[in-house]
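Some notes on the structure that comes next.
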DNA sequence: CTGGAGCTGTGACAATAATCACAATCCATG
DNA sequence: CATGGATTGTGATTATTGTCACAGCTCCAG
């Protein structure tokens, strides 16, 4: 048996997406492969795409004085983009790249108008998707606002253990807002 | 002369809102007054409203072990709500209350269907508004992810000086993720 | 199989922020 | 305009995290 299909992932975005819109949205997407380290969205360019990860994962990071601060990891079945850039047509301050060799469904907004008869459904889906992505991101933001570094790690351990299995300690450290040394020590002392 | 009208504030949410939709949206809103300290959204209840501040300000906070952590201040001309609660019909983990005596335009989703002929426009506006609110909130989140406490204060000083004029040091401290003593010391040492 | 690049763990020390205590100041109200 | 509660400033101390240095480990590529 195969895993979940692109249609299933689209449905998970909102239970209010009409079933008859799914084929239109699937037809809009393009499947592409990216080698580990390949940049999908480059700092300084305007983002025009959503990404749905089918295999591997995508890493979103901010360049602070030459050091990378990870803001997001997107795994199989999840969507990502840079909404600030996409919505405001602003140059991206973030980079999105493949963290492993990846297969990704690309939803390109510039290809949207070339699909007459689908536009209204696509626009509606895009708005729902945008809110969905932001609400997921808010959870990560709240780690910083409400918890201490140790509490953040325990939260991930409990609610997102996939991260611990697939992301290296150094990469995870910047995602949690601590140095790799501190994260190593947090991880060391059990409970 | 009066200040800006509710219609002007609605237009600022997105420049793609059709001018002819504005009157429908204005008619949907209800003006209400709240005394300082009055709770508009109570922890544990499902949020069904958007708020547009006309006068005064609203404060959104999270209750962590009995202590309030401020997550948002909404001033004149800006919108707020709890999108996680509103979108998912989940009990709110946050409280929204009047930080000063306030006059607020309330957009109640349950009153929406009672306005036949406006529903499509309202739904469209609500989606745009939701994204707008999240993108504004993201800026605050990035303060925590990318900057040190001192950098956060300098950022607010430069980009949001209204906060420094209208919010007490103790309230601002939790918004910046430091103790009031630390914020006092940051403020003390000039440049 | 082995050398080396890139992780990770850990000790010593420095820097930063929290905590605790209390004095000074602000300011609303009688 | 006096006064008491709330807010802010500041010192002393503790706790936490960052920085630096280096050793050990892992795991490919040759």
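Chains as they are written, first to last, in the numbering used here: chain A, 522 to 712; chain B, 522 to 712. Idealized CB from N, CA, C, for every residue including glycine.
The beta carbon of residue 533 (chain B) is closer than 8 Å to those of 598 in its chain, skipping five residues each way along the sequence.
Buried is the label assigned to residue 666 (chain B), since at least 16 other Cβ atoms lie within 10 Å of its Cβ. Flagged as an interface residue toward chain B: residue 585 (chain A), by a C-beta distance shorter than 8 Å.
Per DSSP, the beta bridge partners of residue 583 (chain B) are B:590 and B:615.
Excluding sequence positions up to five before and after residue 690 (chain B), its CB lies within less than 8 Å of the CB of 701, 704, 705 and 708, all in the same chain and listed in chain order. Contacts with chain B at 8 Å (Cβ-Cβ) do not include residue 639 (chain A). Close partners of residue 592 (chain A) in chain B (Cβ separation under 8 Å): 666. Beta-carbon to beta-carbon, residue 628 (chain A) and residue 540 (chain A) are separated by about 19 Å, too far to satisfy the 8 Å threshold. Burial of residue 604 (chain A) is indicated by the presence of at least 16 other C-beta atoms within 10 angstroms of its C-beta. DSSP lists A:624 as the bridge partner or partners of residue 576 (chain A). At least 8 Å separates the CB of residue 562 (chain B) from every CB of chain A. The beta carbon of residue 623 (chain B) does not come within 8 Å of any beta carbon belonging to chain A, so the residue lies off that interface. One Cα belongs to residue 653 (chain B), the other to residue 651 (chain A), and the distance between them is close to 11 Å. Residue-level contact check: residue 608 (chain B) touches chain A, since one or more beta carbons of chain A fall below 8 Å from its beta carbon. Among the residues facing chain A, residue 533 (chain B) is not included, as its CB has no counterpart in that chain under 8 Å away. The Cβ of residue 662 (chain B) sits closer than 8 Å to at least one Cβ of chain A. Following the DSSP letters along the chain, one finds residue 597 (chain B) in no beta strand (DSSP E), marked with neither H nor E.
Partner residues in the beta bridge of residue 553 (chain B), as assigned by DSSP, are B:625. Residues of the region 648–661 of chain A with a C-beta atom less than 7 Å from some C-beta of chain B are 648, 651, 652, 655, 656 and 659, listed in chain order. Using beta-carbon distances, residue 698 (chain B) counts as an interface residue toward chain A, with a partner under 8 Å.
Residue pairing by DSSP puts residue 562 (chain A) in a beta bridge opposite A:617.
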